[in-house]
Every structure is written in structure tokens, then in C-alpha cells.
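In the UniProt record's numbering, the protein residues as written are 1 to 308.
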């Protein structure tokens, strides 16, 4: 069981950090936030308020959540009474190691230390800590206040009771946690996602179809059932025998290179960086890009029952 109110510390007040903080505060937890960029920290309450409005919170609920949040000028002041610490800094290994060294110097020994990362193995981040058994990963998905999933990643040192404490906390905050028993690159979600992306890129690279066709197939076919039927549920639905028959006839031809696609590397070298540059796999106007962002946001809110 997780006590109703504990002290949370969030290190980083950016896109991920503010979403983690508002989720915990909305669930009735005390939250401190720190960020090395003064303007980012100062703007956190406004961004939290705006995100809560997107979630359908009324003014009273927003006021209650903001009352649970304290801005701190340093990591030390943010974590000195923490029961749980969530690091949400940029994806730079040395920076994360530096932050956790500072966190461990100031946080109570009972505090659970969690890194929010989507690409860096938790073991590499936490290996220099004194009390490595209380450290783990929590991979919140972007935007963290709209996506239910949080992957809880154990390292070889993580105490099972610590992982269970984190799992219970996340459940109490309305999230959908899953336990990742081994600290592998990409955890669960990104391994699945990028296996699909690798094949999608390969189809375009091999001139089998264009990028629009790939996206249309996913959105108009199996993507429609993914929210309610996972891949292994689907395999059981059609039968493991049929799944085996299909694999015997298709897996040999799927993309299996170990490194990134040369086609993807060339796009990056050419400055074709996607929506932010106006072209990636497809060409984008700013209006088209904004329409996609709006469509995703609306879809996520509908799934959460925020919109009719």
C-alpha cells in the first residue's frame, strides 16, 4: 500500500518533468520541482495549469494540484525530504549520472530514485550510486499526463520491494505500470515500436511502397485494433499454429540489419529532420504538422474520456 501523501521530487521541469509532477500532484502527493534553467522552473505552474485544463480539470482542481507543488532552486533543496525522486533531465548519460550523485548526497536513504529515460540503460545511469538497490527506471511516455503506461525497470541491484513500492505509487496515481525484469536497451515499448519502424523504413528504402502507404496501412488496418488487442493476444486469437505458418513464410524477408538504415542516415545528413524542418520521410507544411499534433492530442483525450 502507498500512503496517501508522500513527498515526491521531480528533477527537471520541462515537457516530461511538468507532466510527471502534475500527475503526482493531481493524485494528492506533495511534489517539489527543480530545474537548472530559471525560466523553465518559473513557467512550470503555468504549463501545469494549461495541461490540467487539457485534461478537463476545473479551476478548483487546478488550484488544489498547484497547492501541492513547490518550486525549488536546487536539486538538494528539492530532494532533502523526498520519498521518491524522479529525474527527467535530457537524454545525456553524464548529466544523469551527475544529477543522481547530487541527489544521493542530499536525499534520505529511504528515498526511491528513478530515472525517466527512453533510451539509456538504467544500469549505466545508476552504477556509481552508494545505495544502488533503491534505484530503478520509470519510463513515462510522452505526454506523461496523457499516456497511461509507465515502464518500471529493475537493474540487477534493484530491491524487489523497492520496485513494488514504485509500482503501487504509479497505480495510485492512475497510471498503468508494467514491470521490466531485465534492464535491456529500449525496455519493452521502444523495442516493439522501433522493430516496427525498422521494417517501415525498409519498405520505403527498398521501393516497395512510399511513406504514405506505410502510414495508411498501419492506421487503416492492424493499428485500429492495437489499443484493445495486443500482439500476443492477437496471436492467440488467430492461433499459434497460424502464427507459426505465417512466420515460416515471411520472417526470412524482414529487415534484420543490426545498425540504423542508410536511408534514415541520409535523410539526417540532408537536413530532412521531419516536421521540424518541413521534410523527413514525407514533406510537411507547418499547417499539416500542426494538424497531426492536434489530431494526436484529440485522440488521446478521447481515449481518456476527456472528450466525447
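For glycine and all other residues, C-beta sits at the position ideal for the given N, C-alpha and C.
Beta-bridge pairing of residue i - partner residues as DSSP gives them
| i | result |
| --- | --- |
| residue 8 | 31, 84 |
| residue 283 | 279 |
| residue 70 | 32 |
| residue 76 | The partner list for residue 76 (beta bridge, DSSP) is empty, contrary to what the question assumes. |
| residue 274 | 279 |
Length of the line joining the Cα atoms of residue i and residue j
| i | j | result |
| --- | --- | --- |
| residue 280 | residue 217 | 19 Å |
| residue 124 | residue 60 | 42 Å |
| residue 299 | residue 91 | 27 Å |
| residue 151 | residue 286 | 33 Å |
| residue 198 | residue 306 | 33 Å |
| residue 20 | residue 201 | 32 Å |
| residue 84 | residue 111 | 5 Å |
| residue 93 | residue 131 | 19 Å |
| residue 259 | residue 190 | 16 Å |
| residue 140 | residue 225 | 23 Å |
| residue 196 | residue 245 | 20 Å |
| residue 142 | residue 149 | 10 Å |
| residue 314 | residue 288 | Outside the displayed span of the chain (1 to 308) sits residue 314, for which this structure offers no information. |
| residue 72 | residue 221 | 48 Å |
| residue 55 | residue 301 | 7 Å |
| residue 219 | residue 227 | 12 Å |
| residue 119 | residue 96 | 12 Å |
| residue 126 | residue 156 | 11 Å |
| residue 243 | residue 194 | 21 Å |
| residue 99 | residue 215 | 39 Å |
| residue 117 | residue 11 | 13 Å |
| residue 192 | residue 249 | 21 Å |
| residue 265 | residue 252 | 24 Å |
| residue 238 | residue 203 | 25 Å |
| residue 35 | residue 268 | 30 Å |
Element boundaries [alpha helix (DSSP H), containing residue i]
| i | result |
| --- | --- |
| residue 262 | 262-269 |
| residue 99 | 93-106 |
| residue 51 | 44-54 |
| residue 122 | 122-126 |
| residue 246 | 240-250 |
| residue 15 | 15-26 |
| residue 223 | 223-226 |
8 Å contact criterion, which residue i and residue j should meet: CB distance rounded
| i | j | result |
| --- | --- | --- |
| residue 170 | residue 304 | Going by Cβ atoms, the distance from residue 170 to residue 304 rounds to 16 Å, so no, they are not a contact pair. |
| residue 68 | residue 114 | The Cβ separation is near 19 Å, so there is no contact. |
| residue 88 | residue 14 | 7 Å |
| residue 106 | residue 128 | Actually they do not touch by this definition, with Cβ atoms about 16 Å apart. |
| residue 30 | residue 46 | 20 Å between Cβ atoms; not a contact. |
| residue 154 | residue 180 | 7 Å |
| residue 51 | residue 22 | 6 Å |
| residue 330 | residue 121 | Here the chain covers residues 1 to 308 and nothing more, so residue 330 does not appear. |
| residue 33 | residue 78 | 7 Å |
| residue 41 | residue 173 | Residue 41 to residue 173, Cβ: 22 Å. No contact. |
| residue 133 | residue 159 | 4 Å |
| residue 211 | residue 257 | About 19 Å separates the two Cβ atoms, so there is no contact after all. |
| residue 37 | residue 18 | The Cβ separation is near 13 Å, so there is no contact. |
| residue 162 | residue 136 | 7 Å |
| residue 277 | residue 205 | 20 Å between Cβ atoms; not a contact. |
| residue 26 | residue 63 | Between residue 63 and residue 26 the Cβ distance is about 12 Å, and since that is not below 8 Å, they are no contact. |
| residue 138 | residue 86 | 6 Å |
For residue i, the first and last residue of its enclosing beta strand (DSSP E)
| i | result |
| --- | --- |
| residue 131 | Residue 131 -> no beta strand (DSSP E), and no H or E assigned at all. |
| residue 115 | 112-115 |
Residue-level contact to chain B via CB, residue i, 8 Å cutoff
| i | result |
| --- | --- |
| residue 147 | The displayed structure is made up of one protein chain only, and chain B is not part of it. |
Checklist entry - Counting only runs that start and end within the segment 135-218, where is the beta strand (DSSP E) found for 3 or more residues in a row? => result For the segment 135-218, whole beta strand (DSSP E) runs of length 3 or above, ordered along the chain, are 135-140, 149-153, 176-180.
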